[in-house]
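Take the position in the sequence shown, starting the count at 1, then add 249; the result is the number in my numbering.
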Amino acid sequence: MTAIPDAALAALLLVVLVLAPALGVTLRRLRRSRAQETEAQRQITRMQTDHQAAMAQWVLEQEEAAFFVDVRLPARAKALEHPQVAVPGLRDPRLRGSPVEERIDQIERLLDEAVRTARSRVESAAETVVREAARSVQTLAYQVQEELAGLHEKIDDPWLAGRLFVLDELNEQQLQRLQALAVLSGTWPGLSRQDSHLPDILAAAQSRVRDSGRIQLVNLLDFPLGVEGRVVEPVVITLAELAANALYYSRGTLAVQVTLHQVASGVCIVVDDAGLGLHGDDLAFADRMLHPHYRAPASELGDPPRIGLAACGRLAREYGFTVTVRTGNSYGGATATILVPQALLVSIDPAQQPPSPSAPTPARASAEPVPPPAEGGVYPQRRSRRRGEQPPSPATTPAAAVATPEQSANSWSQFQQGTRRDTDPQGEQR
Numbered sequence: 250m251t252a253i254p255d256a257a258l259a260a261l262l263l264v265v266l267v268l269a270p271a272l273g274v275t276l277r278r279l280r281r282s283r284a285q286e287t288e289a290q291r292q293i294t295r296m297q298t299d300h301q302a303a304m305a306q307w308v309l310e311q312e313e314a315a316f317f318v319d320v321r322l323p324a325r326a327k328a329l330e331h332p333q334v335a336v337p338g339l340r341d342p343r344l345r346g347s348p349v350e351e352r353i354d355q356i357e358r359l360l361d362e363a364v365r366t367a368r369s370r371v372e373s374a375a376e377t378v379v380r381e382a383a384r385s386v387q388t389l390a391y392q393v394q395e396e397l398a399g400l401h402e403k404i405d406d407p408w409l410a411g412r413l414f415v416l417d418e419l420n421e422q423q424l425q426r427l428q429a430l431a432v433l434s435g436t437w438p439g440l441s442r443q444d445s446h447l448p449d450i451l452a453a454a455q456s457r458v459r460d461s462g463r464i465q466l467v468n469l470l471d472f473p474l475g476v477e478g479r480v481v482e483p484v485v486i487t488l489a490e491l492a493a494n495a496l497y498y499s500r501g502t503l504a505v506q507v508t509l510h511q512v513a514s515g516v517c518i519v520v521d522d523a524g525l526g527l528h529g530d531d532l533a534f535a536d537r538m539l540h541p542h543y544r545a546p547a548s549e550l551g552d553p554p555r556i557g558l559a560a561c562g563r564l565a566r567e568y569g570f571t572v573t574v575r576t577g578n579s580y581g582g583a584t585a586t587i588l589v590p591q592a593l594l595v596s597i598d599p600a601q602q603p604p605s606p607s608a609p610t611p612a613r614a615s616a617e618p619v620p621p622p623a624e625g626g627v628y629p630q631r632r633s634r635r636r637g638e639q640p641p642s643p644a645t646t647p648a649a650a651v652a653t654p655e656q657s658a659n660s661w662s663q664f665q666q667g668t669r670r671d672t673d674p675q676g677e678q679r
């Protein structure tokens, strides 16, 4: 083995000493480069993950937007017309609380506001047209009524008087429908009356209903009671609408019973029919129309429009009485009830203001006279009258007599007092 010369070893050592710093720098740069490469690779991986998440979020939002346009928006528009329609929520619950949900809610609020504004304008215009049309036709119907009343006082022929009676009934029914339309169009009933007996109200409502012969009027009041003049016509209109519904939804051979009851909070007028009752949708519609804080828009009345219950609900809200409809009475049909509170009731002396001859007489008589209600609307307590009730004696029953033409005309005039409208030719309040 040959030994390395000292000079060569010294030269090698010198080279190492000279190159060592540069080699250290190179190694450090190499390590730094590898670290940067590793960090760059991690950033690329993170960016790829964020990109995939962003793409997934974008796809989710696009699908939610498509679901809103294709499903939620049509359902929302339909629910504005039919409140019972359910509007679906978010398609994906992961978007709950996100800006997407906030934007969708804002769009729905703007849509609701725009639809309500447009509907309000349309309904206001429609109410104006209906109100003016009903008012003009009412004026003509009142004139026809006055002419018929004048003819009744002059004609003695029985057949012709019967034909006039039919025409008067048809005119009364026409006026009833016109009044319901006028009420729905935002106007008052158009009539002014004096305080009236409750049995007279029943008779007046019966005269405005088609096929009124099927209505049985029953008076179970303990003493004469009446209604304030400003509320008489609204109660008559409401009762006529409820009785017309009861007649329409029951068979032609079945009777409809209208009963006056005295209750602790006032007086109830109960209309019972023996029809098929109300289905769930019909009962929901009736509850909605008669709710004390709901004003039915014309768009919810259906096609053809059902204006009767809507008119009843509006009159009840404006004049302070209550109307309810329930199904499943003892006849298997429906029961409609008008509750007239004590605040709207008045005591009327029959001697000073006798009831109409066509009004139903009390079905149960008291053995001793019952005093009228005390001041403040407090009624006396009920008493047992079973021992005092006796069947009428046959001897006291008057024999039937043939009426003369003058007597018939007088009876007809008295009957018209219960249904005649106190208005001027223009239909204004006197």
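Cβ atoms here follow ideal geometry from the backbone N, Cα and C, with glycine treated the same way.
Cut-off 8 Å between Cβ atoms - residues of its own chain near residue i, not counting five sequence neighbours on either side
i, result
"V467", "Q506, V507, T508, L509, P609 and A612"
"I293", "none"
"G582", "A495, Y498, S499, D521, D522, A523, G524, L525, G526 and T576"
"L424", "Q387, A390, Y391, Q394, R457 and R670"
Per-residue DSSP class, three states only, for residue i
i, result
"R367", "First, the residue type needs correcting, since residue 367 is Ala and not Arg in the sequence shown. Here A367 sits in helix by DSSP."
"S445", "strand"
"D406", "coil"
"A504", "coil"
"T680", "Residue coverage of the chain in this structure runs from 250 to 679, which leaves residue 680 outside it and unanswerable."
"D460", "coil"
"R634", "Low confidence applies here, because R634 scores a pLDDT of 34, under 50, leaving its location unreliable; read the following figure in that light. Coil, per DSSP."
"V264", "helix"
"N578", "coil"
"D471", "coil"
"P270", "helix"
"L509", "strand"
"V432", "helix"
"D521", "strand"
"A608", "coil"
"P590", "strand"
"G515", "strand"
"L466", "strand"
"A585", "strand"
"H528", "coil"
Beta carbon of residue i nearer than 8 Å to that of residue j
i, j, result
"E680", "A547", "The structure shown has nothing for residue 680, since the chain only spans 250 to 679."
"V432", "R563", "yes"
"L550", "T571", "no"
"A565", "V520", "no"
"I518", "L470", "no"
"D522", "Y543", "no"
"S445", "V481", "yes"
"H401", "L413", "yes"
"V574", "A533", "no"
"Q422", "R463", "no"
"V334", "R321", "no"
"Q591", "G478", "no"
"P541", "P483", "no"
"A429", "G557", "yes"
"A454", "V485", "yes"
"N420", "L397", "yes"
"E357", "R325", "yes"
"A504", "Q465", "yes"
"G569", "L539", "no"
"R380", "T436", "yes"
Same chain, Cβ closer than 6 Å to residue i, five either side skipped, listed in chain order
i, result
"P604", "H446, P448 and D449"
"T586", "C517, V519 and T573"
"P254", "none"
"F317", "I353"
Contacts around residue i, its chain only, beta-carbon distance under 7 Å, and the 5 residues preceding and following it disregarded
i, result
"A680", "Outside the displayed span of the chain (250 to 679) sits residue 680, for which this structure offers no information."
Would you say the region 329-345 touches the region 301-321, given that touching needs at least three Cβ pairs under 8 Å? yes
Examine the Cβ distances between the region 361-379 and the region 402-416 and report whether three or more of them are shorter than 8 Å. no
I'd like to know if the region 572-579 and the region 470-477 are in contact, where contact means that at least 3 CB-CB pairs between them fall below 8 Å. no
Jot down the residue ranges of each uninterrupted alpha helix (DSSP H) in the region 284-362, minimum 4 residues, whole runs only, in chain order. 322-330
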